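S.K.:
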Amino acid sequence: MTETIKDSVKAFIIENFLFGDTSYELADTASLIENDIIDSTGVLELVAFIEDRFGIAMADADIVPANLDSLARISAFIAARSAVPVSA
Amino acid sequence: MCGFGGYFGSVPDGKALLEKMTVAIAHRGPDEQGVFTAPQAGLGHVRLSIVGLGDGQQPMSDASGELTIAFNGEIFNYVELRDELRAKGRRFRTSSDTEVILHLYDQMGEDCVSRLNGDFAFALWDNRRRRMLLARDRMGVRPLFYTMRAGTLYFASEVKALLQVPGISAEIDPIALDQIFTLWAPIAPRTPFKDIFELEPASLVVADERGVATRSYWSLEFADRDAPPRHVNEGKAAEELRTLLTDATRIRMRADVPVGSYLSGGLDSSIVSALAAGMAPQGLRTFSVTFDSAEHDESAFQNEMAVALGTDHRAVACRAGDIAKVFPDVVRYAERPVLRTAPAPLYQLSGLVRDTGLKVVLTGEGADEVFAGYDIFKESRVRRFCGRQPGSRIRPHLFRKLYPYLPGLKQQSPEYLAAFFGAGNDPLDDPLFSHRPRLKGTAATKMFFSGDLRARLAGYDAADELVSRLPEAFGRWHPLHQAQFLESRFLLPGYILSSQGDRMAMAHGVEGRFPFLDHRLVEFAAGLPPEMKLKGLVEKHILREATKDLLPPSIGKRTKQPYRAPDSHSFSGRGEFDYVRTAMGEEAIAAGGLFNAKAVTKLYEKCRARPASGFRDNAAFVGILSTQLWLQTFTGTSIRTAEAA
Chain A
1 MTETIKDSVK AFIIENFLFG DTSYELADTA SLIENDIIDS TGVLELVAFI EDRFGIAMAD
61 ADIVPANLDS LARISAFIAA RSAVPVSA
Chain B
1 MCGFGGYFGS VPDGKALLEK MTVAIAHRGP DEQGVFTAPQ AGLGHVRLSI VGLGDGQQPM
61 SDASGELTIA FNGEIFNYVE LRDELRAKGR RFRTSSDTEV ILHLYDQMGE DCVSRLNGDF
121 AFALWDNRRR RMLLARDRMG VRPLFYTMRA GTLYFASEVK ALLQVPGISA EIDPIALDQI
181 FTLWAPIAPR TPFKDIFELE PASLVVADER GVATRSYWSL EFADRDAPPR HVNEGKAAEE
241 LRTLLTDATR IRMRADVPVG SYLSGGLDSS IVSALAAGMA PQGLRTFSVT FDSAEHDESA
301 FQNEMAVALG TDHRAVACRA GDIAKVFPDV VRYAERPVLR TAPAPLYQLS GLVRDTGLKV
361 VLTGEGADEV FAGYDIFKES RVRRFCGRQP GSRIRPHLFR KLYPYLPGLK QQSPEYLAAF
421 FGAGNDPLDD PLFSHRPRLK GTAATKMFFS GDLRARLAGY DAADELVSRL PEAFGRWHPL
481 HQAQFLESRF LLPGYILSSQ GDRMAMAHGV EGRFPFLDHR LVEFAAGLPP EMKLKGLVEK
541 HILREATKDL LPPSIGKRTK QPYRAPDSHS FSGRGEFDYV RTAMGEEAIA AGGLFNAKAV
601 TKLYEKCRAR PASGFRDNAA FVGILSTQLW LQTFTGTSIR TAEAA
């Protein structure tokens, strides 16, 4: 891959939830909920992005903060499901 | 009802100024206009004739000519007060409630307000003492704004009248904007207009040669949580409540013109309509809004209630595009940015009432604050419940039960629900515990603020200021009462009664009356133990008990569905209006200087592409658009408007 999973997810978050604010220091482990980056609808947008972009079908049981509440967790979840290394 | 403007101090051509001020608020009083001037004082008035049709002209002076009043609102107990004053030898020249205030003031001075049961704002010139008294009702139903310029006090029912004063121009107050984008409303006395203030509910201004002093004459108070409850017998409490509510409605039917009623299909307006229908031998007219989106529409319940009561019922349809069509007018009349479109259908509704020939309507507003009807009260209880066992997977399911009408929540796992609602995270002793998730979610909209605005705000925190404004006893109250106080004292006058109430109704010269905000009822409800209001997760329990014979079970047992209207997607799709595209465009955003133009462009595109955006995106869209319209309307910042595309 020319783009890492993390880069791709990060670009989506910046574009879709931070509306292009690249000055926001989005730490890999920062909680997206506690930092008010996503709300309840945002989670559904994130799930739709992961399914569309990475071809992963997410079950209800997958949609939990443990998998999706930070850049690091999302990347690890996608990597585990798609068997693609987080760092290409 | 009506509107007024005036001054205390030196004004070169007072009469001409007063005439300009009254023209600016002519919509509040289309029936008559009048001005009064004295050395150092002036009052202007526009009248909506409801009581004393032929003899209630204003400004009104007493027989001595020493006291003159300009009054907006109604004194509902004026009949009893007049009888009482007559018994003491007072002679009345008119049949109006306005004259009652003059007599009462003559007898009691400024303490006269404690005897008034009503929705009022007035300015009273006392020529003997050379002083101007301004007063506002307890719950903040009627508005009153004021400002000082060059040693003169100017005041008016709406800010647009003050903007007629030479030297006064509109400039946005960044702190107020921060408060709106955090709390939904400015914290009075602050308004969105820099250096223009709002008289707080239940307050007085006394202006004389010594200066201008403000004081409160009433406050909403609850008993300490450990104090023995004032009411222990639920049956007796329900009986007393019914008596009070019936009387509150009865005295709000007093008018020399027909009185109608709003009917939303919910519990509160149905109760008011049912009581009113029983008191209107000539029949009651009811009015409602319908939506073409099933998510917002309540017409089935409205029709059921109208049929049950036999009212002459009319509805205004709020169709796709209607909100966008009236939104610039909504901002012009509301005089403030808003984060939701909910005022727009109410603006349409008051237009329908006026077209039907009525100018007075009863509404069910206030019941949710007084009897703990809002979801936020239940949510707070569930958050405390979850907070006791933060690891529980079962407890957070309750959040889904609270918001069955929010599709986004249905699909969330318990872990996410707990995280969104801060269950287990927020300290239980936080004074704003009940409102933290809302404040946090709303404040997220401030990510669109420009760098310049952020710099001007310099780290200001609206929530901290809110905490600083709480009464000393607040910490001793039951958590439900704390939450009720926050809703009743700040959001009710700051948003519900103003942006959705007075200003939208008065835009069409319609007076709303609020039986649930009768201060006797408010004080009674404040004295009820929390469990009589919120029983388990059933809201307004005691109110349901007190009125269960009035309504069909389908209405009486209905779970609260908050009044909402379609938000950002009202402004996109077919019928998109040019003004929206222009106001949200980079050029206009940059000209306004308040928001980040690039981020707003992305938000605009996102909301257009996916209408089902969540709370934050919707609130940000509506908040930014209304702020841009506010700038255009009041400061002349160039945002070109055009007809529908």
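Protein chains in written order, with full-length UniProt numbering: chain A, 1 to 88; chain B, 1 to 645.
Virtual Cβ for every residue (Gly too), placed ideally from N, Cα, C.
Quantities reported herein were computed from a predicted structural model and do not represent experimental measurements.
Would you say B/Met132 and B/Val205 are within 9 Å of each other, going by their C-beta atoms?
M.R.: yes
S.K.: Helix, strand or coil: how does DSSP classify residue 660 of chain B here?
M.R.: A query on residue 660 of chain B cannot be resolved here, the shown segment of chain B reaching from 1 to 645 and no further.
S.K.: If you follow the alpha helix (DSSP H) that B/Cys318 is in, where does it begin and where does it stop?
M.R.: Careful: B/Cys318 lies outside any alpha helix (DSSP H), inside the beta strand (DSSP E) at Asp312 to Cys318.
S.K.: Between B/Val113 and B/Pro189, what straight-line distance do the alpha-carbon atoms span, to the nearest angstrom?
M.R.: 20 Å
S.K.: Would B/Phe327 count as contacting chain A if we go by Cβ distances under 9 Å?
M.R.: no
S.K.: Does any residue of chain B bring its CB to less than 9 Å from the CB of A/Ile50?
M.R.: Interface criterion not met: the Cβ of A/Ile50 is under 9 Å from no Cβ in chain B.
S.K.: State the DSSP-derived secondary structure class of A/Thr4, mapped to helix, strand or coil.
M.R.: Under the three-state reduction of DSSP output, A/Thr4 falls in the coil class, being neither helix nor strand.
S.K.: Within 9 Å (strictly less), CB to CB, does B/Lys378 reach chain E?
M.R.: The structure shown contains no chain E; its protein chains are A and B.
S.K.: Check each residue of the region 410 to 423 of chain B: if its Cβ is closer than 7 Å to any Cβ of chain A, include it; give the result in chain order.
M.R.: Gln411, Gln412, Ser413, Glu415, Tyr416, Ala419 and Phe420
S.K.: Determine the DSSP secondary structure at B/Thr445, reduced to helix, strand or coil.
M.R.: In the structure shown, B/Thr445 adopts helical secondary structure according to DSSP, grouped into three states.
S.K.: For the candidate residues B/Lys325, B/Ala121, B/Ala276 and B/Ala170, whose alpha-carbon lies nearest to that of B/Gly310?
M.R.: Checked all of B/Lys325, B/Ala121, B/Ala276 and B/Ala170; the closest Cα to B/Gly310 is B/Ala276.
S.K.: Taking Cβ-Cβ distances shorter than 7 Å, what residues in chain B pair up with A/Leu44?
M.R.: Gly408 and Gln411
S.K.: Residues in its own chain within less than 7 Å of A/Val86 by CB, not counting five upstream and five downstream?
M.R.: Because the pLDDT of A/Val86 is 46, which lies under 50, any placement of that residue in the model is unreliable, and the question is left without a value.
S.K.: Closer than 9 Å, CB to CB, is A/Asp36 near chain B or not?
M.R.: yes
S.K.: Would the region 621 to 637 of chain B and the region 167 to 178 of chain B be scored as touching if the rule is three or more Cβ pairs under 8 Å?
M.R.: A contact exists between the region 621 to 637 of chain B and the region 167 to 178 of chain B.
S.K.: Quick one: using the 10 Å Cβ neighbour count with 16 as the cut-off for buried, is B/Arg142 buried or exposed?
M.R.: It is buried - the Cβ of B/Arg142 has at least 16 other Cβ atoms within 10 Å.
S.K.: Since I believe B/Ala161 is in contact with B/Met60 (beta carbons under 8 Å), could you give me their beta-carbon distance rounded to a whole number of angstroms?
M.R.: Between B/Met60 and B/Ala161 a beta carbon distance of about 19 Å is seen, past the 8 Å cut, so the two are scored as non-contacting.
S.K.: From the DSSP output, which residues share a beta bridge with B/Phe120?
M.R.: B/Gly73
S.K.: If B/Phe287 and B/Val361 are in contact, beta carbons under 8 Å, what's the gap, nearest whole angstrom?
M.R.: 7 Å
S.K.: Below 8 Å CB to CB, which residues in the same chain sit around B/Gly260 once its five sequence neighbours on both sides are set aside?
M.R.: Leu284, Arg285, Thr286, Phe287, Val353, Thr356, Leu358, Val360, Val361 and Leu362
S.K.: Output the distance between the C-alpha atoms of B/Gly556 and B/Lys548, rounded to the nearest integer angstrom.
M.R.: 6 Å
S.K.: Helix, strand or coil for B/Pro174 per DSSP?
M.R.: helix
S.K.: So is B/Val159 in contact with chain A if we call contact Cβ pairs under 9 Å?
M.R.: no
S.K.: Any Cβ of chain B within less than 9 Å of the Cβ of residue 89 of chain A?
M.R.: As displayed, chain A neither begins before 1 nor continues past 88, which places residue 89 of chain A out of reach and without an answer.
S.K.: What residues from chain B crowd round A/Ile78, counting only those whose CB sits closer than 8 Å?
M.R.: Correct list: empty, because the minimum Cβ distance to chain B is about 18 Å.
S.K.: What is the DSSP secondary structure of B/Trp125, reduced to helix, strand or coil?
M.R.: Secondary structure of B/Trp125 (DSSP, three-state): strand.
S.K.: Of all the CB atoms in chain A, is at least one closer than 9 Å to the CB of B/Gly260?
M.R.: no
S.K.: Any idea which residues DSSP pairs B/Arg47 with across the strands?
M.R.: According to DSSP, which records beta bridges pairwise, B/Arg47 is partnered with B/Pro30 and B/Glu32.
S.K.: Between the region 443 to 454 of chain B and chain A, which residues of the former have CB atoms less than 8 Å from a CB of the latter, in chain order?
M.R.: Ala443, Ala444, Met447 and Phe448
S.K.: Since B/Ile196 and B/Val165 should fall inside the 8 Å C-beta cutoff, what is the C-beta to C-beta distance between them, to a whole number of angstroms?
M.R.: Rounded, the Cβ-Cβ distance is 10 Å, inconsistent with contact.
S.K.: Cβ of A/Ile33 less than 9 Å from any chain B Cβ?
M.R.: yes
S.K.: Using only the alpha-carbon positions, how far apart do B/Asp452 and B/Ala620 sit?
M.R.: Rounded to whole angstroms, the separation of the alpha carbons of B/Ala620 and B/Asp452 is 18 Å.
S.K.: Does the separation of the CB atoms of B/Ser450 and B/Phe634 fall below 9 Å?
M.R.: no
S.K.: Which residues mark the beginning and the end of the alpha helix (DSSP H) in which B/Thr290 is found?
M.R.: Where B/Thr290 is concerned, there is no enclosing alpha helix (DSSP H), although the beta strand (DSSP E) it sits in stretches over Arg285 to Phe291.
S.K.: Confirm, please, whether the CB-CB distance from B/Gln411 to A/Leu71 is below 9 Å.
M.R.: no
S.K.: For A/Gly42, which of helix, strand or coil comes out of DSSP?
M.R.: helix
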